[in-house]
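Have a look at the structure below before the remarks.
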Amino acid sequence: MEKELKILKYSELSKLIERFRSNGYPVLAPVRKGKVVEIELVESLDAIALDVLLSTQSAKKAAFPKVEKVLRYTLGKSEVQQFPVDPEACPDTILFGVRPCDASGFKSLDAIFGEAPADQFYLKKKEKTTIISFSCPTADEYCFCTSVGGGPGNTAGSDLQFTGISKDDILVEILTEKGAKLSLLFADLLSEAGASIDKSKFLADVKVAFKVDSVVEKTTASFGNATLWLEQSLRCIGCGACAFVCPTCACFDFQDEQNTKNGVRLRLWDSCGFSLFTLHTSGHNPREVQSQRWRQRIMHKFAYMPEQLHVVGCEGCGRCSRACPVDMNIKEHLTAISLI
Amino acid sequence: MNDMIKKVTQLLTDKTIDVFIGYGKGSADRSRAIFVRTAEQAENLVFSANCTQNLAGYLLKHEVKHLGKLGILANVAALRSILQLASEFQIKDGEVLVLFANPDGSFTEFLDFHSIEGYLLTTETGITSGEQERIAALEAMSVSERWTFWNQEFEKCIKCYACRAACPMCYCHRCTTDVNQPQWIPVASHERGNLDYHLMRAMHLAGRCVNCGECANACPMDIPLNLLTYQLISPIKAGFGATAGMKSDAVYALSTYKPDDKENFII
Numbered sequence: 003m004e005k006e007l008k009i010l011k012y013s014e015l016s017k018l019i020e021r022f023r024s025n026g027y028p029v030l031a032p033v034r035k036g037k038v039v040e041i042e043l044v045e046s047l048d049a050i051a052l053d054v055l056l057s058t059q060s061a062k063k064a065a066f067p068k069v070e071k072v073l074r075y076t077l078g079k080s081e082v083q084q085f086p087v088d089p090e091a092c093p094d095t096i097l098f099g100v101r102p103c104d105a106s107g108f109k110s111l112d113a114i115f116g117e118a119p120a121d122q123f124y125l126k127k128k129e130k131t132t133i134i135s136f137s138c139p140t141a142d143e144y145c146f147c148t149s150v151g152g153g154p155g156n157t158a159g160s161d162l163q164f165t166g167i168s169k170d171d172i173l174v175e176i177l178t179e180k181g182a183k184l185s186l187l188f189a190d191l192l193s194e195a196g197a198s199i200d201k202s203k204f205l206a207d208v209k210v211a212f213k214v215d216s217v218v219e220k221t222t223a224s225f226g227n228a229t230l231w232l233e234q235s236l237r238c239i240g241c242g243a244c245a246f247v248c249p250t251c252a253c254f255d256f257q258d259e260q261n262t263k264n265g266v267r268l269r270l271w272d273s274c275g276f277s278l279f280t281l282h283t284s285g286h287n288p289r290e291v292q293s294q295r296w297r298q299r300i301m302h303k304f305a306y307m308p309e310q311l312h313v314v315g316c317e318g319c320g321r322c323s324r325a326c327p328v329d330m331n332i333k334e335h336l337t338a339i340s341l342i
Numbered sequence: 261m262n263d264m265i266k267k268v269t270q271l272l273t274d275k276t277i278d279v280f281i282g283y284g285k286g287s288a289d290r291s292r293a294i295f296v297r298t299a300e301q302a303e304n305l306v307f308s309a310n311c312t313q314n315l316a317g318y319l320l321k322h323e324v325k326h327l328g329k330l331g332i333l334a335n336v337a338a339l340r341s342i343l344q345l346a347s348e349f350q351i352k353d354g355e356v357l358v359l360f361a362n363p364d365g366s367f368t369e370f371l372d373f374h375s376i377e378g379y380l381l382t383t384e385t386g387i388t389s390g391e392q393e394r395i396a397a398l399e400a401m402s403v404s405e406r407w408t409f410w411n412q413e414f415e416k417c418i419k420c421y422a423c424r425a426a427c428p429m430c431y432c433h434r435c436t437t438d439v440n441q442p443q444w445i446p447v448a449s450h451e452r453g454n455l456d457y458h459l460m461r462a463m464h465l466a467g468r469c470v471n472c473g474e475c476a477n478a479c480p481m482d483i484p485l486n487l488l489t490y491q492l493i494s495p496i497k498a499g500f501g502a503t504a505g506m507k508s509d510a511v512y513a514l515s516t517y518k519p520d521d522k523e524n525f526i527i
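Top line first, the protein sequences correspond to chains A and B. Using my numbering, the letters of the first sequence map in sequence onto residues 3 to 342. Using my numbering, the letters of the second sequence map in sequence onto residues 261 to 527.
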């Protein structure tokens, strides 16, 4: 659809959340919890931290939670009775106040989980989620969205995008059918926006750090460059912080938890940074050292995904760099790769 | 600073060491570990108030060890980690060259574990007063309040295992949490899985934790994990007279049997 522009008063935002809630929508939004900012269910605007640069974790958990039940079963004397979980059994949800890089991160996840066989657990949740992103008035030195095709006002993946254009007014961009449908709930709060509004004036200035095409080309050609990966990852300690805060990392594991009678099958986040990730039953590990795992992380996002899914698996949010206990800064590493 | 650069350059030039693990400038106001192998790289060494990471964990990293004879810039926590690792047969005396950053900016070279032991007896090695206050507050809670406190903290856990990866004492090739036959610890990052993991880790660090705080510093979800292991320091000291990371030939309190051990805990 062609996008529509409207104006909403900041003072009406709390009514918006009330309308969503009274119409039965759960609302997920960034919430401050001490030093971290979580994406959580909220009841009112007061709980929402709209002034934060980014939530600590990405918004992916709206459609790809860290623990997800996919099957329940009971153990009989000679048979196992299965009770599949219906992927459709998830409510229509609103993801509110996330950043453009979170919204566009779902594009990568859509590509990954949409590949045959399509992952219904992800896809149904995503289908039932309406995303209202807030463009970024500020950025920090870890941000590099503009280097990977995004930007502080990027609308890809958002159903609605809000941009503060004065202390009273928000520019509302209605971007998709889903967004248009949701906007009917607060149509009375919207006024017409003049065609002359220059949104870019209200966005953060995020400098381009590297040419993404160059990173893709050099990464693809660097599989055998063991020195490169070793030098970049000597300080990497092999935890999964980067993968778990990442809006596009989608690797998962299955685990059954059961007692003598009943069991559940769970889908859990996993990370290629863990040594256990590729450990074979035989004891052989094809990625036996951390530099190979670091290579995998970069190659997956900048070589394999562009080749197989035609998307770059990185939104430039910089969360991995901020979360890294040992200061692995992905922007710096990608810039170095682009300059090989 | 120049003294350290000169010293490291000399150590590399005369082949006393092949690599020096120190601090370099990091992103924003952070520092980061760097692995200096040439005189040119030595120029990147920095030392300032933000250089707090305990670098000792790198002494056991496969790819770092593989670079050759190691030198390291140690703070008090790293010195204690080195002694604790030695007592657990992970590092041998003479294997690592240790430079210690004195509070006044000068550097001391420790030639053997014995000299580190001597130094640690003369310096403050305990937890900070701020940490002491937080532990006192936890201990003042009723059991159910403390249970609630930790469950609320663990609710934030995403099981990225940054705490384990950052801990110099978590060097097991296969952590209990990764063992699946039998599955001791639920893999899932749900209430039970998070609780079991953190309690298991704390118990495995009882009497071994050198209170460096790397677990809490590493946690992206800001869980004060250090308080869990710090709380186990006093009981081990009271029960067995042992403090981790003070002697390179210490025997581990919880795996040692002595005929005159008190048995008053047996009901």
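Even glycine gets a Cβ: it sits at the ideal position worked out from N, Cα and C.
If you follow the beta strand (DSSP E) that residue i is part of, which residue opens it and which one closes it?
{"i": "residue 528 of chain B", "result": "Shown here, chain B extends from 261 to 527; a query on residue 528 of chain B therefore has no answer."}
{"i": "residue 131 of chain A", "result": "131-136"}
{"i": "residue 35 of chain A", "result": "29-35"}
{"i": "residue 192 of chain A", "result": "192-194"}
{"i": "residue 86 of chain A", "result": "82-86"}
{"i": "residue 582 of chain B", "result": "What the structure shows of chain B is the stretch from 261 to 527, and residue 582 of chain B is not part of that stretch, so it cannot be assessed."}
{"i": "residue 100 of chain A", "result": "95-100"}
Along chain A, in chain order, which residues have C-beta atoms closer than 8 Å to that of residue i?
{"i": "residue 287 of chain B", "result": "143, 144, 323, 329, 331, 334"}
{"i": "residue 477 of chain B", "result": "327"}
{"i": "residue 390 of chain B", "result": "Within chain A, no residue comes near residue 390 of chain B; the closest Cβ sits about 15 Å away, beyond 8 Å."}
What residues from chain B crowd round residue i, counting only those whose CB sits closer than 7 Å?
{"i": "residue 293 of chain A", "result": "323"}
{"i": "residue 257 of chain A", "result": "447, 448"}
{"i": "residue 246 of chain A", "result": "418, 420"}
{"i": "residue 268 of chain A", "result": "448"}
Across which residues does DSSP place residue i in a beta bridge pair?
{"i": "residue 176 of chain A", "result": "A:6, A:162"}
{"i": "residue 265 of chain A", "result": "A:75, A:260"}
{"i": "residue 42 of chain A", "result": "A:31"}
{"i": "residue 11 of chain A", "result": "A:171"}
{"i": "residue 296 of chain B", "result": "B:280"}
{"i": "residue 289 of chain B", "result": "In DSSP, residue 289 of chain B forms no bridge with anything."}
{"i": "residue 332 of chain B", "result": "B:281, B:358"}
{"i": "residue 271 of chain A", "result": "A:254"}
{"i": "residue 531 of chain B", "result": "In the structure as shown, chain B starts at 261 and stops at 527, and residue 531 of chain B therefore has no counterpart that could be examined."}
What do you reckon, are the CB atoms on residue i and residue j nearer than 7 Å?
{"i": "residue 51 of chain A", "j": "residue 32 of chain A", "result": "yes"}
{"i": "residue 294 of chain B", "j": "residue 331 of chain B", "result": "no"}
{"i": "residue 474 of chain B", "j": "residue 427 of chain B", "result": "yes"}
{"i": "residue 65 of chain A", "j": "residue 127 of chain A", "result": "yes"}
{"i": "residue 492 of chain B", "j": "residue 510 of chain B", "result": "no"}
{"i": "residue 19 of chain A", "j": "residue 171 of chain A", "result": "no"}
{"i": "residue 252 of chain A", "j": "residue 30 of chain A", "result": "no"}
{"i": "residue 282 of chain B", "j": "residue 292 of chain B", "result": "no"}
{"i": "residue 505 of chain B", "j": "residue 344 of chain B", "result": "yes"}
{"i": "residue 72 of chain A", "j": "residue 87 of chain A", "result": "yes"}
{"i": "residue 307 of chain A", "j": "residue 320 of chain A", "result": "no"}
{"i": "residue 329 of chain A", "j": "residue 290 of chain B", "result": "yes"}
{"i": "residue 482 of chain B", "j": "residue 242 of chain A", "result": "no"}
{"i": "residue 205 of chain A", "j": "residue 154 of chain A", "result": "yes"}
{"i": "residue 460 of chain B", "j": "residue 445 of chain B", "result": "yes"}
In chain B, which residues lie less than 8 Å from residue i when you measure between Cβ atoms?
{"i": "residue 84 of chain A", "result": "None at all; the shortest Cβ gap to chain B is about 20 Å."}
{"i": "residue 38 of chain A", "result": "416, 480, 481, 482"}
Nearer than 6 Å: is that true of the beta carbon of residue i relative to any heavy atom of the ligand FAD?
{"i": "residue 138 of chain A", "result": "In terms of ligand content, the structure shown is empty, and the ligand FAD therefore cannot be addressed."}
Between which two residues does the alpha helix (DSSP H) holding residue i run?
{"i": "residue 74 of chain A", "result": "Counting along the chain, residue 74 of chain A falls outside any alpha helix (DSSP H), though it belongs to the beta strand (DSSP E) covering 69-77."}
{"i": "residue 168 of chain A", "result": "It is not in any alpha helix (DSSP H) - residue 168 of chain A carries neither H nor E in the DSSP assignment."}
{"i": "residue 225 of chain A", "result": "That residue, residue 225 of chain A, is in no alpha helix (DSSP H); it is neither H nor E in DSSP."}
{"i": "residue 373 of chain B", "result": "373-381"}
{"i": "residue 293 of chain A", "result": "292-301"}
{"i": "residue 369 of chain B", "result": "Here residue 369 of chain B belongs to no alpha helix (DSSP H); instead the beta strand (DSSP E) covers 367-370."}
{"i": "residue 463 of chain B", "result": "451-465"}
Closer than 7 Å by beta-carbon distance: list the chain A residues that pair up with residue i, in chain order.
{"i": "residue 295 of chain B", "result": "236"}
{"i": "residue 520 of chain B", "result": "Simply none; closest approach about 41 Å."}
{"i": "residue 292 of chain B", "result": "237, 328, 329"}
{"i": "residue 425 of chain B", "result": "239, 240, 241"}
Measure the alpha-carbon distance for residue i versus residue j and round it to whole angstroms.
{"i": "residue 339 of chain B", "j": "residue 180 of chain A", "result": "59 Å"}
{"i": "residue 436 of chain B", "j": "residue 495 of chain B", "result": "23 Å"}
{"i": "residue 275 of chain B", "j": "residue 357 of chain B", "result": "12 Å"}
{"i": "residue 131 of chain A", "j": "residue 184 of chain A", "result": "11 Å"}
{"i": "residue 501 of chain B", "j": "residue 513 of chain B", "result": "8 Å"}
{"i": "residue 311 of chain B", "j": "residue 245 of chain A", "result": "25 Å"}
List, in order along the chain, the chain A residues whose C-beta lies closer than 9 Å to that of residue i?
{"i": "residue 282 of chain B", "result": "What residue 282 of chain B touches in chain A: nothing, since even the nearest Cβ is about 11 Å away."}
{"i": "residue 328 of chain B", "result": "Chain A residues near residue 328 of chain B: none, gap ~13 Å exceeds 9 Å."}
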